[in-house]
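Peer 1:
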Amino acid sequence: MGSIDIAVPESVGMNGRRLARIRPVMQGYVDHHGYAGISTMIARRGKVIYADQVGWQDREAGVPMAEDTIFRMYSMTKPVIYTALMTLYEEGRFQLTDPVAKFIPAFGATKVLASDGNLVDQNPLRPMQVRDLMTHSSGLTYDFLEDFPTGAQYRDARLMNDPTRSLETVIAELARLPLAFQPGTMWHYS
């Protein structure tokens, strides 16, 4: 990745001297509060005016934080993804009722946990839709939630917190497991 061009903070009404106070604070979090590394970027009026990294992207291996370090953002990806999706929706690139399998074919064969909680899988009454993913009504769950038997299946499949597995591998495994409930029938954080 190339270096990011940094605009003069004052060109967008910011104070460069005050921005310079950020680095020591971030370094303090690394040195005294258990953070491995921190990447900070500030933009205003479409211009990046501050970008800095402190600490480590891999402390044990001695790899310093870099401007192109990749992070797992977990739940914070949702507002970013939803904004991007709605931009594409406004452009007519997809419909909220499109089946997820149109974009991720592996979800075309996904089954649903029987309504009595029995681990006998059944066919979905309708395909999982894009809107179901966006409204937490897809039938997906998390491995740390115990309210559906599928959570244990997620744990056994090591779906979460395994950085050695690629996104493609995790998605294929997720699509192979049954949904916790029929798509679109209830809200469940996922």
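What the sequence shown shows, in the numbering used here, is residues 19 to 208, in sequence order.
Ideal placement from N, C-alpha and C gives every residue a C-beta, glycine not left out.
What are the boundary residues of the beta strand (DSSP E) that includes M59?
Peer 2: To locate residue 59, count along the sequence shown from 1; it is residue 41. Taken as a continuous stretch (DSSP letters only), the beta strand (DSSP E) holding M59 covers 55-62.
Peer 1: Once you ignore the five residues that flank Y160 on each side, which residues in its own chain have a CB closer than 8 angstroms to its CB?
Peer 2: For the purposes of this step, residue 160 is taken as the residue at position 142 of the sequence shown. Excluding residues within five positions, the ones whose Cβ falls inside 8 angstroms are G169, Y172, M178, Y207, S208.
Peer 1: Can you give the Cα-Cα distance for M19 and D86, rounded to whole angstroms?
Peer 2: Taking the first residue of the sequence shown as position 1, residue 19 is located at position 1. Taking the first residue of the sequence shown as position 1, residue 86 is located at position 68. Annotation note: pLDDT 44 at M19 (below 50); position unreliable, no value reported.
Peer 1: Could you say which of N33, V98, V43, Y53 lies nearest to I67 if we only look at CA atoms?
Peer 2: Indexing the sequence shown from 1 puts residue 67 at position 49. Answer by Cα proximity: N33.
Peer 1: Helix, strand or coil: how does DSSP classify A119 here?
Peer 2: Here the question's residue 119 lines up with position 101 in the sequence shown. Looking at A119 - three-state DSSP - the assignment turns out to be helix.
Peer 1: Nearest CA to the CA of Y53: which residue from I40, A69, Q75, E164?
Peer 2: On the sequence shown, residue 53 is found 35 positions in, with the first residue counted as 1. Residue Q75 is the option with its Cα nearest to Y53.
Peer 1: Taking just the CA atoms, how far does A69 sit from R39?
Peer 2: Mapped onto the sequence shown, residue 39 falls at position 21. Mapped onto the sequence shown, residue 69 falls at position 51. Cα to Cα, the separation comes out at about 13 angstroms.
Peer 1: Can you find the residues in the same chain that come closer than 8 angstroms, C-beta to C-beta, to L106, ignoring five residues on each side of it along the sequence?
Peer 2: The residue you call residue 106 lines up with position 88 of the sequence shown. Closer than 8 angstroms at Cβ, skipping near neighbours: F112.
Peer 1: Since Q75 is in the beta strand (DSSP E), which residue starts that stretch and which ends it?
Peer 2: Looking up residue 75 in the sequence shown gives position 57. From DSSP, the beta strand (DSSP E) with Q75 extends over 65-76.
Peer 1: I'd like to check one pair, I60 with A124: are the Cβ atoms closer than 8 angstroms?
Peer 2: On the sequence shown, position 106 is the one that residue 124 refers to. On the sequence shown, position 42 is the one that residue 60 refers to. For A124 and I60, no; Cβs fall outside 8 angstroms.
Peer 1: Just curious, the alpha helix (DSSP H) that H50 is in, first and last residue?
Peer 2: On the sequence shown, residue 50 is found 32 positions in, with the first residue counted as 1. Boundaries of the alpha helix (DSSP H) harbouring H50: 40-50, taken from the DSSP string.
Peer 1: How big is the Cα-Cα spacing for Y47 and V72?
Peer 2: In the sequence shown, the residue the question calls residue 47 occupies position 29. In the sequence shown, the residue the question calls residue 72 occupies position 54. In a straight line, the C-alpha of Y47 is about 9 angstroms away from that of V72.
Peer 1: Considering Q147, what are the terminal residues of the alpha helix (DSSP H) in which it resides?
Peer 2: Within the sequence shown, the letter at position 129 stands for residue 147. Judged by DSSP secondary structure, Q147 falls outside any alpha helix (DSSP H); it is assigned neither H nor E.
Peer 1: Spatial neighbours of P142 within its chain, please: C-beta separation below 8 angstroms, excluding the five flanking residues on both sides.
Peer 2: Sequence index remark: in the sequence shown, residue 142 carries index 124 (1-based). So the list reads T128, K129, V130, G157, L197, Q200, P201, once near-sequence residues are dropped.
Peer 1: Check the C-beta distance from D180 over to V148 and give it rounded, since I have them as a contact under 8 angstroms.
Peer 2: Translated into positions along the sequence shown, residue 180 becomes position 162. Translated into positions along the sequence shown, residue 148 becomes position 130. With 8 angstroms as the limit, D180 and V148 do not qualify as a contact, their Cβ atoms being about 26 angstroms apart.
Peer 1: Taking Cβ positions, are P82 and A119 nearer each other than 8 angstroms?
Peer 2: Position 64 of the sequence shown holds residue 82. Position 101 of the sequence shown holds residue 119. Not in contact: P82 and A119 (Cβ atoms no closer than 8 angstroms).
Peer 1: Going by alpha carbons, who is nearest to S57 out of H50, F162, G64, V43?
Peer 2: For the purposes of this step, residue 57 is taken as the residue at position 39 of the sequence shown. Residue V43 is the option with its Cα nearest to S57.
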